[in-house]
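Visitor:
Protein chains: 2
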Amino acid sequence: MLKKERHALIIKEINLHNKVLSSDLALQLNVSEDTIRRDLNEMDEAGTIVKVHGGALSRSYHYPFQQNDIYAGEAKKEIAKKGMDLIKDGMVVLTGGGTTVLQMVGMLPPTRTATIFTISPLVALQLADHPLITVILIGGQFSKNSQVCVGTQVVSYLSEIRFDICFLGTNGISIGDGLTDSDLDIVQVKKAMIKASNKLAIMCVAEKLNTVQRMRVCELHQIDCLITDLEPDDSALNAYRRENIQLY
Amino acid sequence: MLKKERHALIIKEINLHNKVLSSDLALQLNVSEDTIRRDLNEMDEAGTIVKVHGGALSRSYHYPFQQNDIYAGEAKKEIAKKGMDLIKDGMVVLTGGGTTVLQMVGMLPPTRTATIFTISPLVALQLADHPLITVILIGGQFSKNSQVCVGTQVVSYLSEIRFDICFLGTNGISIGDGLTDSDLDIVQVKKAMIKASNKLAIMCVAEKLNTVQRMRVCELHQIDCLITDLEPDDSALNAYRRENIQLY
DNA sequence: GGCAAACGTGCAATAACATGCAGGCCCCTG
DNA sequence: CAGGGGCCTGCATGTTATTGCACGTTTGCC
Chain S
20 MLKKERHALI IKEINLHNKV LSSDLALQLN VSEDTIRRDL NEMDEAGTIV KVHGGALSRS
80 YHYPFQQNDI YAGEAKKEIA KKGMDLIKDG MVVLTGGGTT VLQMVGMLPP TRTATIFTIS
140 PLVALQLADH PLITVILIGG QFSKNSQVCV GTQVVSYLSE IRFDICFLGT NGISIGDGLT
200 DSDLDIVQVK KAMIKASNKL AIMCVAEKLN TVQRMRVCEL HQIDCLITDL EPDDSALNAY
260 RRENIQLY
Chain E
20 MLKKERHALI IKEINLHNKV LSSDLALQLN VSEDTIRRDL NEMDEAGTIV KVHGGALSRS
80 YHYPFQQNDI YAGEAKKEIA KKGMDLIKDG MVVLTGGGTT VLQMVGMLPP TRTATIFTIS
140 PLVALQLADH PLITVILIGG QFSKNSQVCV GTQVVSYLSE IRFDICFLGT NGISIGDGLT
200 DSDLDIVQVK KAMIKASNKL AIMCVAEKLN TVQRMRVCEL HQIDCLITDL EPDDSALNAY
260 RRENIQLY
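These protein sequences, in sequence, are chains S and E. Here the first sequence is numbered in our numbering, starting from 20 and rising by one per residue. Here the second sequence is numbered in our numbering, starting from 20 and rising by one per residue.
What follows is the structure, encoded as structure tokens:
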């Protein structure tokens with residue numbers, strides 16, 4: 020087995036799986052782990068791969084963070100655009116505090132007139148430079164983790180108003196468990212928000228579909244609109260389509 | 020499972036849900052919680068994430084508004100420091116929304132315990148990473164000019180609570196006209212804030228001393244503390260000293 | 001104020017590592 | 001063809017990294 024040959028195989032393996040283990044390669048190529056290590060070191064110095072303790076990773080895999088952010092950013096913009104279209108002139112809207120919601124309100128055209136209630140200071144600030152939209156910030160205890168207002172104040176306030184539509188971001192959504200979240204305070208507020216609204220729109224990046232968190236927010240059938248970055252007829256959404264959820 | 024691999028997965032999880040629990044990760048990645056803790060600590064030191072008790076949070080989500088800190092001039096920092104000293108452990112504090120107030124709450128030592136009510140979303144967000152302070156955001160119509168909550172909701176809410184001390188920024192202050200402001204909504208809220216508080220502290224940069232705005236907020240004698248960037252015995256403050264205002 | 005979960009630390013076992021050395025292979029030269 | 005040098009490989013050595021567990025402490029919640 021020639022060195023170049025091994026290198027080629029290692030690269031092939033890394034391209035395939037984004038990672039290799041020294042021990043696997045030694046077994047597979049029938050050489051000692053020392054040799055593999057030497058190979059990996061050379062290739063790391065050459066910049067072909069990234070060596071780590073125990074094996075090596077593909078160079079692109081080593082810096083997936085920014086790519087992911089950008090990718091997720093694009094997806095969220097896509098979702099935001101679709102969600103935005105659900106807000107018609109004169110509507111009374113209620114929103115939660117996710118980044119997708121934030122994106123959405125930032126994209127609202129300056130000519131749109133609406134009243135937006137929100138539990139998120141960030142959403143309120145985002146809307147500060149919108150000329151026509153009236154913003155009502157719903158006050159209460161400020162949750163440091165999720166940067167929205169929670170607590171009994173919020174819940175009882177919500178009980179006194181009816182909204183045309185409620186936009187919520189997603190933490191977990193799945194067929195079996197419906198909409199789920201990880202924070203008790205948030206769950207209670209979200210429940211109250213849903214109860215106070217005629218329509219419920221859930222915004223969800225495809226990656227979060229079919230993930231489950233600890234606590235239940237609501238059943239699937241309570242969701243009216245599901246807005247994702249996928250095409251509405253994507254097969255990944257089949258199960259949700261069967262629940263009579265309007266897909267966007 | 021390679022360490023880098025775990026790190027990448029943790030980051031992915033955090034980007035997705037904005038937070039992770041050590042216990043969940045341990046289960047999901049099939050390693051001990053100790054290992055996860057070590058991972059999270061490393062990533063926290065590297066600045067990738069923010070570690071908290073029980074798990075970790077996304078850095079970008081947690082500090083989206085840090086750029087705001089830059090604006091504060093030296094004078095405002097000086098004022099902020101003096102004002103900060105008036106907040107003692109256990110106090111129930113009410114604040115308005117000026118940049119000086121924002122500076123001040125940003126400087127509060129991490130060991131300080133207090134409950135801070137505020138009409139300013141920015142103040143709430145600024146305090147989001149303070150471990151001990153409870154933040155109550157007072158909700159209402161969001162004023163786009165001044166980026167605080169105003170309106171009858173706020174006023175009636177304030178009528179039901181008593182605060183130890185109220186911090187307000189300054190728009191205009193002068194011997195003849197007292198504290199003045201330019202926006203009717205703001206004035207009404209400020210009046211209610213003053214009425215609800217045992218002590219009134221006004222934060223004011225020297226340039227704004229002896230300026231007058233269109234509408235009156237309160238008389239000079241209602242002010243308990245005047246915090247400026249001048250020395251307390253500065254002659255420019257003589258007139259205010261005569262009004263029995265405590266100078267800082 | 002009490003309790004359980006989360007925490008940090010030290011320790012030990014194991015895996016992975018770097019390094020030096022010896023043997024084997026190839027090629028070159030005499 | 002014999003010998004030698006360069007390169008690669010495997011093995012042995014000692015070192016470092018990583019991980020899980022045990023311990024006592026801190027933290028957050030009720």
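All C-beta atoms in this analysis are idealised placements derived from N, C-alpha and C, irrespective of residue type, glycine included.
Use the C-beta contact count for S/LYS22: other C-beta atoms within 10 angstroms, 16 or more gives buried, fewer gives exposed.
Guide: Within the first sequence, residue 22 of chain S is the residue found at index 3, counting from 1. The residue is exposed, with fewer than 16 neighbouring Cβ atoms inside 10 Å.
Visitor: Is the distance from the Cβ of E/ILE157 to the Cβ of E/THR137 below 9 Å?
Guide: The residue labelled residue 157 of chain E in the question sits at position 138 within the second sequence. The residue labelled residue 137 of chain E in the question sits at position 118 within the second sequence. Against a cut-off of 9 Å, the Cβ pair of E/THR137 and E/ILE157 comes out as a contact.
Visitor: What residues from chain S crowd round E/CYS168, counting only those whose CB sits closer than 9 Å?
Guide: Numbered from 1 along the second sequence, position 149 holds the residue referred to as residue 168 of chain E. Residues of chain S passing the Cβ test: ALA143, ILE155, LEU156, GLY158.
Visitor: For the alpha helix (DSSP H) that E/ASN145 lies in, which residues bound it at each end?
Guide: Position 126 of the second sequence, counting from 1, holds the residue named residue 145 of chain E. Before going further, note that residue 145 of chain E is Gln rather than Asn in the sequence given. From DSSP, the alpha helix (DSSP H) with E/GLN145 extends over 140-145.
Visitor: Among the candidates E/SER41, E/ASN263, E/LEU48, E/GLU226, whose CA atom is the shortest distance from the CA of E/ASN60?
Guide: If you number the second sequence from 1, residue 60 of chain E lands on position 41. The shortest Cα separation from E/ASN60 among E/SER41, E/ASN263, E/LEU48, E/GLU226 belongs to E/SER41.
Visitor: Please classify S/THR119: is it buried, with 16 or more other beta-carbons within 10 angstroms of its beta-carbon, or exposed?
Guide: For the purposes of this step, residue 119 of chain S is taken as the residue at position 100 of the first sequence. The residue is buried, with at least 16 neighbouring Cβ atoms inside 10 Å.
Visitor: Restricting to Cα atoms, I'd like to know which of E/GLY188, E/ILE68, E/ASP53, E/VAL111 is closest to E/ALA99.
Guide: In the second sequence, counting from the first residue as 1, residue 99 of chain E sits at position 80. Residue E/GLY188 is the option with its Cα nearest to E/ALA99.
Visitor: Given E/ARG131, which residues of its chain have a CB within under 7 Å of its CB, disregarding the five upstream and five downstream residues?
Guide: Counting from one through the second sequence, the residue named residue 131 of chain E turns up at place 112. Cβ neighbours of E/ARG131 beyond the five flanking positions: ILE106, ASP108, LEU151, ILE152.
Visitor: Would E/LEU203 be called buried (16 or more neighbouring beta carbons within 10 Å of its own) or exposed?
Guide: Indexing the second sequence from 1 puts residue 203 of chain E at position 184. Counting Cβ neighbours within 10 Å, E/LEU203 comes out exposed, since fewer than 16 surround it.
Visitor: Quick one: residues in its chain with C-beta nearer than 8 Å to the C-beta of S/ASN34, no 5 flanking neighbours on either side, listed in chain order?
Guide: In the first sequence, residue 34 of chain S corresponds to position 15, counting from 1. So the list reads SER77, once near-sequence residues are dropped.
Visitor: Taking 9 Å as the threshold (C-beta atoms), are S/SER216 and S/CYS185 in contact?
Guide: Locating residue 185 of chain S in the first sequence gives position 166, counting from the first residue. Locating residue 216 of chain S in the first sequence gives position 197, counting from the first residue. Their beta carbons are under 9 Å apart, which means S/CYS185 touches S/SER216 by this criterion.
Visitor: Rank E/ASP196, E/MET110, E/LYS38, E/VAL124 by C-alpha distance to the C-alpha of E/LEU239 and give the top, closest one.
Guide: Here the question's residue 239 of chain E lines up with position 220 in the second sequence. Minimum Cα distance to E/LEU239 is reached at E/ASP196.
Visitor: Is it true that the segment 42-49 of chain E meets the segment 236-256 of chain S, where meeting means three or more beta-carbon pairs spaced less than 8 Å apart?
Guide: Short answer: they don't touch.
Visitor: Please classify E/VAL231 as buried or exposed, where buried requires at least 16 neighbouring CB atoms within 10 angstroms.
Guide: Counting from one through the second sequence, the residue named residue 231 of chain E turns up at place 212. E/VAL231 is exposed by the Cβ-count criterion.
Visitor: Enumerate in chain order the residues of its own chain whose CB-to-CB distance from E/GLU111 is below 6 Å, with the five nearest sequence positions on each side excluded.
Guide: Looking up residue 111 of chain E in the second sequence gives position 92. The question names Glu, but residue 111 of chain E is Val in the sequence shown. So the list reads THR134, PHE182, ASP183, once near-sequence residues are dropped.
Visitor: Assuming S/LYS38 and S/GLY74 make a contact with CB atoms under 8 Å, what is their CB distance in whole Å?
Guide: What you label residue 38 of chain S is simply residue 19 of the first sequence in a count that begins at 1. What you label residue 74 of chain S is simply residue 55 of the first sequence in a count that begins at 1. About 6 Å separates the two Cβ atoms, so the contact holds.
Visitor: Report the three-state DSSP secondary structure of E/ILE180 (helix, strand or coil).
Guide: As a first step, residue 180 of chain E is located in the second sequence; it is residue number 161 there, counting from the start. Coil, per DSSP.
Visitor: What number of angstroms, rounded off, separates the C-alpha of E/ILE139 from the C-alpha of E/GLN145?
Guide: For the purposes of this step, residue 139 of chain E is taken as the residue at position 120 of the second sequence. For the purposes of this step, residue 145 of chain E is taken as the residue at position 126 of the second sequence. Reading off the sequence shown, one finds Ser at residue 139 of chain E, where the question assumed Ile. Their backbone Cα atoms lie some 10 Å apart in a straight line.
Visitor: Just to confirm, are E/ALA225 and E/ALA258 a CB contact at a threshold of 9 Å?
Guide: Residue 225 of chain E sits at position 206 when you count from the first residue of the second sequence. Residue 258 of chain E sits at position 239 when you count from the first residue of the second sequence. No, these two residues do not count as a Cβ contact at 9 Å.
Visitor: State yes or no: is the beta carbon of E/PRO140 nearer than 9 Å to at least one beta carbon in chain S?
Guide: As a position in the second sequence, residue 140 of chain E is number 121, starting the count at 1. Yes, its Cβ sits closer than 9 Å to a Cβ of chain S.
Visitor: In chain E, which residues lie less than 8 Å from S/LEU76 when you measure between Cβ atoms?
Guide: Residue mapping note: residue 76 of chain S aligns to position 57 of the first sequence, counting from 1. The answer, in chain order, is LEU21, LYS23, GLU24.
Visitor: Can you list, in chain order, the residues of its chain with a C-beta nearer than 6 Å to that of E/LYS227? Leave out the 5 residues immediately preceding and following it.
Guide: Residue numbering aside, residue 227 of chain E sits at position 208 when the second sequence is read from its first letter. So the list reads THR189, once near-sequence residues are dropped.
Visitor: Measure from the alpha carbon of E/LYS95 to the alpha carbon of each residue in E/GLN265, E/CYS244, E/CYS223, then state which is nearest.
Guide: To locate residue 95 of chain E, count along the second sequence from 1; it is residue 76. Ranking E/GLN265, E/CYS244, E/CYS223 by Cα distance to E/LYS95 puts E/CYS223 first.
Visitor: Taking only the alpha-carbon atoms, compute the straight-line gap between E/LEU141 and E/SER201 and give it to the nearest angstrom.
Guide: If you number the second sequence from 1, residue 141 of chain E lands on position 122. If you number the second sequence from 1, residue 201 of chain E lands on position 182. Each residue's alpha carbon lies about 21 Å from the other.
Visitor: Please name the residue, chosen from S/HIS26, S/ALA143, S/VAL208, that lies closest to S/GLY66 on a Cα-to-Cα basis.
Guide: Along the first sequence, read from residue 1 onward, the residue named residue 66 of chain S stands at position 47. When each option's Cα is compared against that of S/GLY66, the closest is S/HIS26.
Visitor: Is any beta-carbon of chain E found at less than 9 Å from that of S/GLY191?
Guide: Along the first sequence, one-based indexing puts residue 191 of chain S at 172. Taking Cβ atoms only, chain E reaches closer than 9 Å to S/GLY191, which makes this a yes.
Visitor: Do you know how far the Cα of S/ASP252 is from the Cα of S/ARG260?
Guide: On the first sequence, residue 260 of chain S is found 241 positions in, with the first residue counted as 1. On the first sequence, residue 252 of chain S is found 233 positions in, with the first residue counted as 1. About 9 Å.
Visitor: For the alpha helix (DSSP H) containing E/ASP53, name the first residue and the last one.
Guide: Along the second sequence, read from residue 1 onward, the residue named residue 53 of chain E stands at position 34. 52-64 is the span of the alpha helix (DSSP H), which, as asked, contains E/ASP53.
Visitor: Taking any Cβ of chain E, which residues in the segment 215-243 of chain S have a Cβ under 9 Å from it, in chain order?
Guide: The residues in question are VAL224, GLU226, LYS227, THR230, GLN232, ARG233.
Visitor: Does chain S have any CB closer than 9 Å to the CB of E/ASN263?
Guide: Counting from one through the second sequence, the residue named residue 263 of chain E turns up at place 244. Not an interface residue.
Visitor: Output the residue ranges of the alpha helix (DSSP H) runs that lie fully inside the segment 199-236 of chain E and measure 4 residues or longer, sorted by chain position.
Guide: With a minimum length of 4 residues, the continuous alpha helix (DSSP H) runs that stay inside the segment 199-236 of chain E are 203-214.
Visitor: On the criterion of 16 or more Cβ atoms from any shown chain inside 10 Å, does E/HIS72 qualify as buried, or is it exposed?
Guide: Numbered from 1 along the second sequence, position 53 holds the residue referred to as residue 72 of chain E. Per the 10 Å Cβ criterion, exposed.
Visitor: Can you tell me whether S/HIS36 is buried or exposed, with buried defined as 16 or more other CB within 10 angstroms of its CB?
Guide: Residue mapping note: residue 36 of chain S aligns to position 17 of the first sequence, counting from 1. Answer is exposed; the Cβ neighbour count stays below 16.
Visitor: Count the other CB atoms within 10 Å of the CB of S/GLN85; is the residue buried (16 or more) or exposed (fewer)?
Guide: Here residue 85 of chain S corresponds to residue number 66 of the first sequence, with the count starting at 1. Confidence is the limiting factor: at S/GLN85 the pLDDT is only 47, short of 50, which leaves the residue's position unreliable, though a coordinate-based value still follows. Exposed.
Visitor: Residues in the segment 26-42 of chain E with C-beta within 8 Å of chain S's C-beta atoms, listed in sequence order?
Guide: The residues in question are ALA27, ILE30, LYS31, ASN34, LEU35, HIS36, ASN37, LYS38, LEU40.
Visitor: Note down the Cα distance separating S/GLU262 from E/PRO129, rounded to an integer number of angstroms.
Guide: Residue 262 of chain S sits at position 243 when you count from the first residue of the first sequence. Residue 129 of chain E sits at position 110 when you count from the first residue of the second sequence. Computed Cα separation, rounded: 49 Å.
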